[in-house]
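Take a look at the structure below.
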Amino acid sequence: MSKEKKKSGNASALSWYKKMDFSKKTAMWGIIFLLPWLFGLIFFFLRPMVNTLWYSLCSMQLVNGKFQGTFIGTENYKWVIGVNTNFNRMFVEAFTNMVKEVPFQIFLALFIAILLNGEYKGRGFFRAIFVIPIILATGVASPTLSSAEAQFATETAEAVMDMKWLEELVINSGIPEQLTTLLVTYVENIFDVVTTCGVQVLLFLAGLQAISPSLYEVAKMEGCTQFETFCKITLPMVSPTILVCLVYSIAESFANAQVTNGDSTIAFSSYIRSITFNGNAAYYGYGAAMSFIYFAGTLVAIGVICGIVSKGVFYYD
Amino acid sequence: MTKKGMTRKERLAKAETTAGISFWVDLKKGRLSKYYIQKIIRNFIMSLFRYVILICLGFIVIKPLWTLLKNAITSPTMLGDKSLMWIPQEVSRIFIDMSMSKNLMNYWSSLLYTLPTTLILTVLQVISAGLASYAFARLKFKGSNILFFFVILTIVVPGDSIMLAQYAAFRNFDILGIIGLVNGTGSGINLIGNPASLYILAGTGMGLKSGLYIYFLRQAVRGLPISVEEAAFVDGAGFLRTFFTIVLPSMSGSILTVSVLSFLWNYTDTYYTSLLNPTTSHLAYNLSSLSGNIRWYITTAAQTKPEWVTTIDATNPFVQQAMISACSLLTVLPLLIMYAFVQKRFVQGAARSGLGGD
């Protein structure tokens with residue numbers, strides 16, 4: 001008796017769930033799956049963001065160890081864009097660097113990943129090697145590495161200079177000059193690019209591995225050439241990964257952008273930090289305004305580029 | 318003798334009798350066919366090309382690591398020798414030993430602290446990212462696309478701009494005043510210097526580069542054929558069951574990628590550790606604080622052993638460089654060893670996920 005009662009009790013408790021149609025159930029479970037993330041988003045991201053936005057609209061003061069802001073509208077933004085002599089130039093520089101860097105980075109990463117992917121002897125070794133840049137790029141061991149890398153970079157630059165005749169050949173071949181200078185900078189920077197595209201290689205490798213081998217078998221049976229196989233199978237199947245890599249590369253490129261400041265180069269983010277935390281609380285509003293403009297620019301760049309690219313991305317659904 | 322117990326000639330003869338035609342042998346001329354020779358040559362050139370490029374790029378990648386190793390194991394008397402380019406003439410363990418000592422890295426106990434905390438962070442981060450990514454890819458509801466915009470925002474927003482506000486949130490950790498009510502004091506608890514603050518960030522999908530993981534896993538889920546999940550729903554599996562028994566196994570390759578990345582980045586992270594949990598037990602954070610003031614640390618460490626005092630000159634920049642190299646090498650080494658082990662599973666797991674395709 002009691003068992004039956006329990007059963008019926010359960011049934012009535014769950015009946016509202018069973019009566020729900022599938023789309024509503026999906027939505028409910030979607031929210032349940034998202035709960036931890038939503039919690040984090042609201043408390044550890046949006047609230048700090050809104051606070052920062054508020055700071056950027058305020059003139060900040062440090063009173064008894066606490067920040068106090070008085071609302072001054074868009075004064076800070078006007079100062080950043082109109083008065084500060086460096087910000088606009090730095091921002092444009094960061095943007096052009098990104099446009100130059102990112103396509104080459106993606107291309108090289110895909111190329112390396114395809115090379116790493118096949119069946120060959122020692123692939124375990126090579127795959128292990130190409131994770132090293134990710135570890136080293138995080139800034140562990142940066143002081144020694146940067147000097148070692150700088151030394152290496154000059155060595156390699158000299159080695160590249162020996163190829164001057166090739167450079168001249170390319171320049172004199174009638175190809176537009178902007179294109180050749182771009183190519184030459186690519187060749188000279190290949191060492192930097194290889195060391196910064198570790199993550200993209202790893203993402204592409206995972207993307208390539210997820211392609212079903214049966215697709216390649218079919219292509220082979222139908223007599224596709226290697227190039228056709230690449231265009232019709234590999235490229236569409238890794239296109240979602242290309243999108244991820246684009247977003248990541250653009251964000252990273254902006255975050256680590258090196259811009260000229262006087263005679264030397266400086267990281268854009270550290271320039272903003274130096275303005276924000278220069279000991280005077282009044283500058284905190286300026287810094288907040290700067291970083292807001294900065295990431296709004298990043299967001300627009302990512303939105304436009306990925307909006308175009310995502311048209312060509314292939315999904316199963 | 319070949320595997321199947323037939324010689325090459327016998328196999329060729331068998332091919333001739335059973336099939337009558339063959340791509341591999343030209344039966345009329347009695348030698349290998351044109352196509353087969355072409356194929357061999359093409360494969361040879363392809364693999365030569367592959368190896369040349371991989372070895373060249375691999376050299377670029379390995380060179381900094383080799384420099385670290387070379388600096389770390391060179392004997393103190395040979396430091397700064399111009400003739401030594403690749404291999405030290407005299408090898409000594411003194412820098413490694415010193416950097417492991419209490420005054421510098423305090424290596425073993427720090428490792429015992431760093432590895433478990435990093436592991437917990439990784440697990441929390443992967444779980445939160447996995448759940449969120451499945452919801453974004455398949456369990457759509459009104460506004461979920463708008464929410465996904467915030468994922469991109471978390472990738473894009475530079476940490477510096479919300480640094481101070483995030484610090485304040487954990488300095489006085491309280492959610493809607495609940496903790497303050499329970500405490501009875503009305504104010505939250507201080508989670509700075511407590512690894513729990515990092516765990517909370519990781520578990521709620523706001524940890525180091527969590528946005529990237531969510532984005533990547535979402536793409537991975539969208540790449541899976543939806544028909545398998547639909548079949549599971551039709552057969553009466555619930556959402557949780559579908560997620561854990563169908564979706565998770567079929568994207569195990571991507572999960573592994575994300576776990577490896579998360580482990581690497583959490584292990585080497587100095588940004589969040591310095592902000593929320595600045596403890597010298599964390600290897601990477603300790604390293605970053607060491608390298609700023611290495612001379613002083615070397616001097617204090619050298620005084621603990623008489624042989625170190627005589628051989629190590631802390632004012633010598635080469636000694637300082639060698640010591641930082643030794644410390645960095647020791648920090649990076651566990652990661653390299655771990656990756657060497659995971660690497661095989663990495664390949665297997667990814668290959669298995671490929672079989673799920675339509």
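Protein chains in written order, with the working numbering: chain A, 1 to 317; chain B, 318 to 675.
Every residue gets a Cβ at the ideal spot worked out from N, C-alpha and C, and that includes glycine.
Q | Limits of the beta strand (DSSP E) - the one that cysteine 245 of chain A falls within | A | Element bounds for cysteine 245 of chain A: not the beta strand (DSSP E) but the alpha helix (DSSP H), 235-255.
**Q.** Minimum C-alpha distance to isoleucine 372 of chain B - residue among A:Cys306, A:Ser214, A:Leu115
**A.** The residue with the shortest Cα to Cα distance from isoleucine 372 of chain B is A:Leu115.
Q | For tyrosine 120 of chain A, the nearest candidate out of B:Asn360, B:Leu604, B:Ala619, B:Thr648 (CA to CA) | A | Taking only the C-alpha atoms, the option nearest tyrosine 120 of chain A is B:Asn360.
Q: Would you kindly report the start and end of the unbroken alpha helix (DSSP H) that includes methionine 20 of chain A?
A: Note, methionine 20 of chain A: premise wrong, no alpha helix (DSSP H); not H, not E.
Q: Please check if any C-beta of chain A sits within less than 8 Å of the C-beta of aspartate 477 of chain B.
A: True, the Cβ-Cβ gap to chain A drops below 8 Å.
Q.
Helix, strand or coil for isoleucine 492 of chain B? Go by DSSP, reduced to three states.
A. In the structure shown, isoleucine 492 of chain B sits in coil (DSSP, three-state: anything other than H, G, I, E or B).
Q.
Is proline 320 of chain A close to chain B? Criterion is C-beta to C-beta, closer than 8 Å.
A. No answer is possible for residue 320 of chain A: the residues shown for chain A start at 1 and end at 317.
**Q.** Status (buried if at least 16 other CB within 10 Å, exposed otherwise) for alanine 330 of chain B
**A.** Sixteen is the threshold: since fewer than 16 other Cβ atoms of the shown chains lie within 10 Å of the Cβ of alanine 330 of chain B, the residue is exposed.
(Q) What are the residues in the stretch 66-99 of chain A lying within 7 Å of chain B by C-beta distance? (A) Contact residues of the stretch 66-99 of chain A toward chain B are absent (C-beta to C-beta distance below 7 Å).
Q. What did DSSP end up calling methionine 60 of chain A once you bin it into helix, strand or coil?
A. DSSP places methionine 60 of chain A in strand when its eight states are reduced to three.
Q.
Please list the terminal residues of the continuous beta strand (DSSP E) segment that includes serine 264 of chain A.
A. 264-267 is the extent of the beta strand (DSSP E) around serine 264 of chain A.
Q: If I'm right that valine 199 of chain A touches tyrosine 248 of chain A with Cβ under 8 Å, what's the distance once you round it to whole angstroms?
A: Contact holds; Cβ gap of about 7 Å.
Q.
Is it the case that the stretch 638-657 of chain B contacts the stretch 597-615 of chain B, given that we only count it when at least three CB pairs across the two stretches are under 8 Å?
A. Contact between the stretch 597-615 of chain B and the stretch 638-657 of chain B is present, because at least three Cβ pairs lie under 8 Å.
Q: Determine contact between the stretch 527-535 of chain B and the stretch 444-459 of chain B, defined as no fewer than three beta-carbon pairs at a distance below 8 Å.
A: Note that the stretch 527-535 of chain B touches the stretch 444-459 of chain B; at least 3 beta-carbon pairs, one per stretch, sit closer than 8 Å.
Q) Going along the chain, which residues of its own chain have a beta-carbon closer than 8 Å to the beta-carbon of proline 143 of chain A, five neighbours each way excluded? A) With a pLDDT of 42 at proline 143 of chain A, under the threshold of 50, the predicted position of this residue should be treated as unreliable, and no value is reported.
Q: Round the Cβ separation of proline 236 of chain A and phenylalanine 314 of chain A to the nearest angstrom and send it over; I've been treating them as touching at under 8 Å.
A: The Cβ separation is near 4 Å, so the contact holds.
Q: Report the residue ranges of all alpha helix (DSSP H) runs contained in full by the stretch 40-107 of chain A; include only those spanning at least 4 residues, in chain order.
A: Listed in chain order, they are 47-56, 75-78.
Q: Output the boundary residues of the alpha helix (DSSP H) element that contains threonine 260 of chain A.
A: Looking at the DSSP string, threonine 260 of chain A is not in any alpha helix (DSSP H); the run it does join, the beta strand (DSSP E), is 258-261.
Q) Which bits of chain B does tyrosine 294 of chain A rub up against, with CB to CB less than 8 Å? A) In chain order: Pro475, Ser478.
Q | Per-residue burial, serine 478 of chain B [other beta carbons within 10 Å of its own, 16 or more giving buried] | A | Buried is the label assigned to serine 478 of chain B, since at least 16 other Cβ atoms lie within 10 Å of its Cβ.
Q. Starting from lysine 311 of chain A and walking both ways along the alpha helix (DSSP H), at which residues does that stretch end?
A. Lysine 311 of chain A: not part of any alpha helix (DSSP H); DSSP gives it neither H nor E.
**Q.** Under 7 Å by beta carbon: chain A residues contacting threonine 471 of chain B
**A.** Within 7 Å Cβ-Cβ: Phe45.
Q | Start-end ranges of the alpha helix (DSSP H) lying completely within the stretch 498-577 of chain B, minimum 4 residues | A | Secondary structure within the stretch 498-577 of chain B: the alpha helix (DSSP H) runs of 4 or more consecutive residues, fully enclosed, are 512-520, 527-540, 543-551, 556-559 (chain order).
Q | Cα-Cα separation, alanine 27 of chain A to aspartate 21 of chain A | A | Cα to Cα, the separation comes out at about 10 Å.
Q: Return the chain-ordered list of same chain residues with a C-beta closer than 8 Å to the C-beta of serine 146 of chain A, the five sequence neighbours on each side being excluded.
A: Caution applies to serine 146 of chain A, whose pLDDT of 44 falls short of 50 and renders its modelled position unreliable; the model cannot decide the point.
Q. Which residues in chain B sit within 8 Å of alanine 288 of chain A, going by Cβ to Cβ distance?
A. Close to alanine 288 of chain A, with beta-carbon spacing below 8 Å, are these residues of chain B in chain order: Ser478.
Q | Residue-level contact to chain B via CB, glycine 124 of chain A, 8 Å cutoff | A | Closer than 8 Å to some Cβ of chain B, the Cβ of glycine 124 of chain A qualifies, so yes.
Q. CB-CB under 6 Å to leucine 541 of chain B, same chain, minus the five flanking residues each way: which ones, in chain order?
A. The beta carbon of leucine 541 of chain B sits closer than 6 Å to those of Ser567, all from its chain and outside the five residues before and after it, given in chain order.
Q. Within 7 Å: the Cβ of tyrosine 588 of chain B and any heavy atom of the ligand MG?
A. Summarising the ligand content, the structure contains no ligands, and the ligand MG is consequently not present.
(Q) At the level of alpha carbons, what is the spacing between glycine 285 of chain A and asparagine 76 of chain A? (A) In a straight line, the C-alpha of glycine 285 of chain A is about 7 Å away from that of asparagine 76 of chain A.
Q: Confirm, please, whether the CB-CB distance from valine 473 of chain B to threonine 52 of chain A is below 8 Å.
A: At least 8 Å separates the beta-carbon of threonine 52 of chain A from that of valine 473 of chain B.
Q.
Would proline 236 of chain A pass as an interface residue toward chain B - the criterion being a Cβ-Cβ separation below 8 Å?
A. It does not: the Cβ of proline 236 of chain A has no partner Cβ on chain B nearer than 8 Å.
Q. Smallest Cα separation from methionine 395 of chain B: which of B:Ile629, B:Leu652, B:Ile654, B:Thr616?
A. Nearest C-alpha to methionine 395 of chain B: B:Ile629.
Q: Pull out every residue of the stretch 353-364 of chain B whose Cβ sits closer than 8 Å to any Cβ of chain D, in chain order.
A: Of the protein chains in this structure, namely A and B, none is chain D.
Q: Return the CA-CA distance between arginine 328 of chain B and phenylalanine 230 of chain A, expressed in angstroms with no decimal places.
A: Each residue's alpha carbon lies about 34 Å from the other.
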